[in-house]
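The block underneath contains the structure these notes are about, expressed in C-alpha cells.
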Amino acid sequence: MKQKSWQRSSLLLIIPLLFAATLTPASNNSSNFNFDGSPVAESVIEAYSLIENNYAGEIDHERLSYSTISEMLHVLDPHSAFYTKEDFQELRSQQQSEYFGIGATVSQRQNKVYILAPHEGTPAARAGLLYGDQIVLVNGKSTEGWNSNKVATELRGPRGTQVKVGVSRPGVDKPIEVSISRDAVSLPSIPNVFMIKPNVGYIGLRRQFARTTGEELVLAMKELKQKGMNELILDLRDNPGGLVQAALDVCDTFLAPGQKILSIKGRKAGAERSFEVRSSSAETMPIVVLVNSGSASASEIVSGALQDHDRGRIVGEVTFGKGLVQTIFPIANGTGLTLTTAKYYTPSGRLIQRDYTGVSRYNYYLRRDEKNNSLDKNPKSEFRTDSGQVVYGGGGISPDVTVKERRFTPIQGRLQDPIFFFVRELINNQTPGFNQYQVKAMNFKYELKTEDLLVSDELVAAFKSFTLKREKDFQISEANINENLDTIKLFLRRELATASYGIDIGQEVLLHQDPQVLKGLDEMDNARKLTQKSNSVANK
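Under the numbering used here, think of the first position of the sequence shown as 2, with each following residue one higher.
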C-alpha cells in the first residue's frame, strides 16, 4: 500500500510537469493543451504501471520519479533543472544569503574531514574552533568514513538547535568536545573587499548574486572610499549568476540614470520587458571588470551592460554564455525546479546565450562542441557600444583584453595536502623553532600588509623535511619540492593567513599575485579614458 501511495503521488508530481513541458510553440496558455487523455500522459502512466507490476527487483520510486523529471527538463535546455528537497533548500539559502548551522568551511583531506576556517561572528568562531581541527564526532557519532558533504549536512539544522562537535587538534591528547547552538550564517556575495594598491580598491563579487548583493556593494564602496579609493577593480570571475534583480542593483550603482541595463524576451508575444537604471546618481570612477569562463548569467548582465555603455574595461576570458532566465517553481514534497521562461539581451541588443543545439549537456558545460571540439566557431552578430566599439553577441561577453587565468600543475595541486597538514601542525606550536606562528584565536578584522607572514627559507626547509618524512602519503618527492619553491611559498602564506585571519584574507594573498588582477591594474589608464568617454556620451 505504501508503494502504491508513492506511485500515485509520483504521477501527480510528474504529469503536471509533462503538461507544462509539452506545450507547442503556438500555444500561449495551458487551455490549448488537452491534458485529459493526452497520449504523453497516458504513456507515462502506463509505463509506471508496467514497472510497478512487472519489474523483478526493488523499485526506488523516489529516484525513478526524480530521474524522470530531470530527463524531461534536460530535453528543453541545459539550464532547466530539477532539485531534490535538500538541493532546493540549498538554492533558497543561497538566494537569501544565509543558512542555519555553525558557520565553518570544512575540507576533506586524506579521507578525513577538517575545519578549513570558521567564519567571522559565527557559532563556530565563538566556540573557538580553529583551522585544521579534525571533526571526529558529531552528536556522539563517529565521522569515520564520512565525506565533507555528509559532515556539512550534519552540522546544519534549525536555528537554535544544539549540535555537539568533537575535534582532534595537534598537541591535544583527547578530542575537544563543544556544544554549539546553530544560528544564521551569512553567505555574502562579496567576500573580498580591500585596497589592492593606493587609490585602487578591489571588490570580489565572486559568489552568487543574492538578495543582499546590492546592499553589500553599497557598503563595500563606502568602506573603500573612506580608505582613499578613486578607482575600482570589480571581480566577477567564477560568479555563476543568481537573481536578476541583484544584477540590476549592481548596474544601478555604476550606470547613469535612465541608461538601459537589459531587455528580457519570452515566448509569448508582447512579453518583452526592458530595465533601465533607476538611481538618480551613479559612481563615476574608472572601473576594470574581471571575468572568466565561470562568469555566467547575472555576471554577464553586469559586464555586458558596463561594456555596452563603455563604462568598464573588461579583462580576462570569454564568459560562459548563459542568457536564459530561469524562474523557480516549488513543487511537491519540498522539491522544486528552475524553468527557462525567457532570454535576456544586453543594452546594444546582444543575446549572451551560446547555441546549445546538437551539443550534449556534458560538452556544453565543458564549453566543447561535439563536432569540432571547440565552441563559438560560427560567425557572431556584430553590435556597437555607445561610442561605436564593435562587440559580438551569441557567445558570452568577450573581454576587451584577454588574459589567461593562472592554472596550477597537477604536482602543484598535490602540494596543497602536505601544506595543509604542515600548517596545521605549525599553528598548534608543534614545529620546533616556529612558535611565532601559533594561533590561539582568529582575528577576522585584520588588514593584511605586504610584510605580513612572509615565508622564510627556514620555514620552507621545515616544510620540506615534514613532507619527505611522509612521502608515501603525499606522493611528493624532493625534486617536486625543489621545482616549485615559489608556489610553495605562495601556498604556505595563503594557508597561514587563512589560519590566522580567515578564508577571505587567505584568498587575498593569491589575488595580489593573480595575473588577471595584475593586468587589470595595468589597464586602469585605459579605464580612465573610457570613463571620460562614457561620461561625455551620458551627458549629451
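Cβ coordinates follow ideal geometry from the N, Cα and C atoms, glycine included.
Please read these numbers as outputs of a predicted model, since none were measured by experiment.
Asked: Beta-carbon proximity check, V114 vs W147, cutoff 8 Å; Found: yes
Asked: Of the listed residues I116, E524, Y357 and I60, nearest to D78 (C-alpha basis); Found: Y357
Asked: Contact check, G229 vs A500, beta carbons under 8 Å; Found: no
Asked: Short Cβ contact (8 Å threshold) for R207 with R238; Found: yes
Asked: From S349, I265 and G359, residue whose alpha carbon lies closest to that of F384; Found: S349
Asked: N193 - DSSP class collapsed to helix/strand/coil; Found: strand
Asked: Among F210, A248, L263 and M286, the one whose alpha carbon lies nearest that of N231; Found: M286
Asked: Residue of T432, N436 and V290 minimising C-alpha distance to Q517; Found: V290
Asked: Local conformation of S28 per DSSP, three classes; Found: For S28, the pLDDT reaches just 40, beneath the cut-off of 50, and the residue's location in the model is therefore unreliable, leaving the point undetermined.
Asked: For I332, the three-state DSSP class (helix, strand or coil); Found: coil
Asked: Straight-line Cα distance separating E43 from F34; Found: Bear in mind that the predicted position of F34 carries a pLDDT of just 47, short of 50, making it too unreliable to give a figure here.
Asked: Residues near T320 in its chain [Cβ-Cβ closer than 6 Å; skip 5 each side]; Found: V292, S296, E301, G397 and I398
Asked: R408 versus K226: straight-line alpha-carbon distance, rounded; Found: 33 Å
Asked: Sequence ranges, beta strand (DSSP E) only - wholly within the stretch 215-298, length at least 3; Found: 232-236, 261-267, 274-277 and 288-292
Asked: Cβ contact check for the stretch 476-489 and the stretch 161-168: 3 or more pairs under 8 Å; Found: no
Asked: Neighbourhood of T328 by C-beta distance below 6 Å, restricted to the same chain and skipping five residues each side; Found: L340 and T342
Asked: Residues that DSSP places opposite Q135 in a beta bridge; Found: Y115 and S169
Asked: Option in F89, V510, R268 and T347 with minimal Cα separation from K261; Found: T347
Asked: Segment contact flag, the stretch 416-436 with the stretch 131-145, C-beta cutoff 8 Å, min 3 pairs; Found: yes
Asked: Simplified DSSP assignment, three categories, for K198; Found: strand
Asked: Residues near R110 in its chain [Cβ-Cβ closer than 8 Å; skip 5 each side]; Found: D418, F421 and F422
Asked: DSSP beta-bridge partners of Y363; Found: BP columns for Y363 are empty, so no partner.
Asked: Closest residue to D515 among V461, V168, D236 and S466 (Cα-Cα distance); Found: D236
Asked: I52, buried or exposed, once every other Cβ within 10 Å from all chains shown has been counted against 16; Found: exposed
Asked: Nearest-angstrom beta carbon gap, V168 and L130 [assumed within contact, 8 Å]; Found: 6 Å
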